[in-house]
Amino acid sequence: MSLKPEVRQPSAAARDKARRLLEAALGPSKVLTDRDACEAYARDESEAEGTIPDAVVLAESALDMQRALEVARAAEVPITPRAGGTGRTGGAVPVAGGIVLASQGMSSIKEIDRREGVAVVEPGVVLADFHAAVEAENWFYPPDPNSLASCRLGGNLAENAGGPRAFGRAWKRDSGPGLKRRSTGGRALACRRATQRATPESHARSG
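The sequence shown stops at residue 206 when you use numbering that gives the first Met the number 0, and every number in between is there.
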């Protein structure tokens with residue numbers, strides 16, 4: 000299956016500029032530019048056909064993400080977010096090279112508020128680990144796709160992951176009342192929707 004719509008390809012000069020700016024902003028330890036290393040980030044678990052990214056950012060913080068987004072904008076190259084790479088719809092597949100923004104290194108569960116039924120997590124948290132954490136607090140979090148042991152919450156949100164436990168309860172889009180994100184220029188944006196207070200008998204909500 001081809002996943003190559005009509006997308007403007009960045010110039011060689013833009014690609015070189017992106018690599019140079021990324022290494023200056025983040026340091027070489029957080030930036031992959033070797034073609035063989037980047038090739039693994041050109042696909043997910045789907046049959047979608049992508050292109051090898053020019054650079055991969057191994058983000059460890061929101062600041063790393065902000066800097067990567069700022070570089071993408073300055074160099075005028077596309078940027079593709081990636082969590083666990085377990086999706087089957089091509090959502091993490093770059094279609095015009097550019098930068099892949101990988102969030103596996105952001106895997107912290109910041110808070111589980113038992114009273115409000117809200118969890119604050121980073122996008123690289125493995126879903127199975129999150130299940131274990133909320134169940135230890137006597138809560139229940141419905142989404143359980145087949146990739147439970149390796150998929151990440153950021154990808155679950157992007158793909159609206161479900162699974163057998165989610166039927167009649169909540170898919171991923173129903174389980175996240177709040178979201179902090181970055182614009183393509185790196186600006187922090189927060190959004191939150193009105194929700195009913197959760198109960199242990201319903202499900203934990205992640206924000």
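The C-beta atom is built at its ideal place from N, Cα and C for all residues, glycine as well. Since we're looking at a predicted model, the values are computed, not measured.
ask   = Would you call the CB atoms of G154 and G86 closer than 7 Å?
value = Counting from one through the sequence shown, the residue named residue 154 turns up at place 155. Counting from one through the sequence shown, the residue named residue 86 turns up at place 87. Cβ atoms of G154 and G86: closer than 7 Å.
Residues bridged to A101 [DSSP beta-bridge criterion] = Position 102 of the sequence shown holds residue 101. Answer is L57 and R81.
ask   = Cβ of N155 within 6 Å of any heavy atom in the ligand FMN?
value = Annotation note on the ligand FMN: not contained in the displayed structure, which lists no ligands.
query = Can you find a CB in chain B that lies within less than 7 Å of the CB of A95?
reply = Absent from the structure is chain B; it holds one protein chain and no more.
ask   = Residues in its own chain within less than 6 Å of R164 by CB, not counting five upstream and five downstream?
value = Looking up residue 164 in the sequence shown gives position 165. Excluding sequence positions up to five before and after R164, its CB lies within less than 6 Å of the CB of P141 and D143, all in the same chain and listed in chain order.
message = I'd like the list of long-range same chain contacts for Q103, defined as Cβ closer than 6 Å, with 5 residues on each side in sequence excluded.
response = Within the sequence shown, numbered from 1, the residue matching residue 103 stands at position 104. The residues are G123.
query = If you draw a straight line from the C-alpha of E115 to the C-alpha of E134, how long is it?
reply = Here residue 115 refers to the residue found at position 116 of the sequence shown. Here residue 134 refers to the residue found at position 135 of the sequence shown. If you take the alpha carbons of E115 and E134, they lie about 15 Å apart.
key: Helix, strand or coil at V124 according to DSSP, with G and I counted as helix   = Walking along the sequence shown from the start, residue 124 turns up at place 125. Residue state for V124 is assigned as coil, using DSSP reduced to three classes.
ask   = According to the neighbour-count rule (16 or more other Cβ atoms, all chains shown, within 10 Å of its Cβ), is G97 buried or exposed?
value = For the purposes of this step, residue 97 is identified with residue 98 of the sequence shown, where counting begins at 1. Per the 10 Å Cβ criterion, buried.
query = Quick one, which of A101, A157 and D53 has its alpha-carbon nearest R14's?
reply = Within the sequence shown, the letter at position 15 stands for residue 14. Taking only the C-alpha atoms, the option nearest R14 is D53.
task = Can you tell me which of the three DSSP states D112 falls into?
result = Mapped onto the sequence shown, residue 112 falls at position 113. Correct three-state label for D112: strand.
key: N-terminal and C-terminal residue of the alpha helix (DSSP H) that R19 is part of   = Here residue 19 refers to the residue found at position 20 of the sequence shown. Unbroken alpha helix (DSSP H) run through R19: A11 to L25.
key: Candidates A127, V120, T50 and A160, of which the one nearest R7 by Cα   = Counting from one through the sequence shown, the residue named residue 7 turns up at place 8. Minimum Cα distance to R7 is reached at T50.
request  = Give a yes or no on whether the C-beta atoms belonging to A82 and R151 are separated by under 7 Å.
outcome  = Along the sequence shown, one-based indexing puts residue 82 at 83. Along the sequence shown, one-based indexing puts residue 151 at 152. In contact: A82 and R151 (Cβ atoms closer than 7 Å).
ask   = Can you tell which of S28, A11, A39 and A12 has its C-alpha closest to the C-alpha of V99?
value = As a position in the sequence shown, residue 99 is number 100, starting the count at 1. Per the Cα distances, A39.
P77 versus I108 - alpha carbon distance = Numbered from its first residue, the sequence shown carries residue 77 at position 78. Numbered from its first residue, the sequence shown carries residue 108 at position 109. The straight-line gap from Cα to Cα measures roughly 29 Å.
inquiry  = Going by DSSP in three states, E75 sits in which element: helix, strand or coil?
reply    = The sequence position of residue 75 within the sequence shown is 76, counting from 1. Of the three classes helix, strand and coil, the one that applies to E75 here is coil, per DSSP.
request  = For L31, write down the residues that DSSP places opposite it in a beta bridge.
outcome  = Locating residue 31 in the sequence shown gives position 32, counting from the first residue. BP columns for L31 point to V55.
inquiry  = Could you compute how far the alpha carbon of A12 sits from the alpha carbon of N145?
reply    = On the sequence shown, position 13 is the one that residue 12 refers to. On the sequence shown, position 146 is the one that residue 145 refers to. Each residue's alpha carbon lies about 41 Å from the other.
query = How should S106 be labelled, buried or exposed, when 16 other C-beta atoms within 10 angstroms of its C-beta is the threshold for buried?
reply = One-based indexing of the sequence shown puts residue 106 at position 107. By the 10 Å Cβ count, S106 comes out buried.
request  = May I have the straight-line CA-CA distance separating S10 from E22, to the nearest angstrom?
outcome  = Numbered from 1 along the sequence shown, position 11 holds the residue referred to as residue 10. Numbered from 1 along the sequence shown, position 23 holds the residue referred to as residue 22. So the alpha carbons of these two residues sit roughly 19 Å apart.
ask   = In the DSSP assignment, what are the bridge partners of V119?
value = Here residue 119 corresponds to residue number 120 of the sequence shown, with the count starting at 1. Bridge partners of V119: E110.
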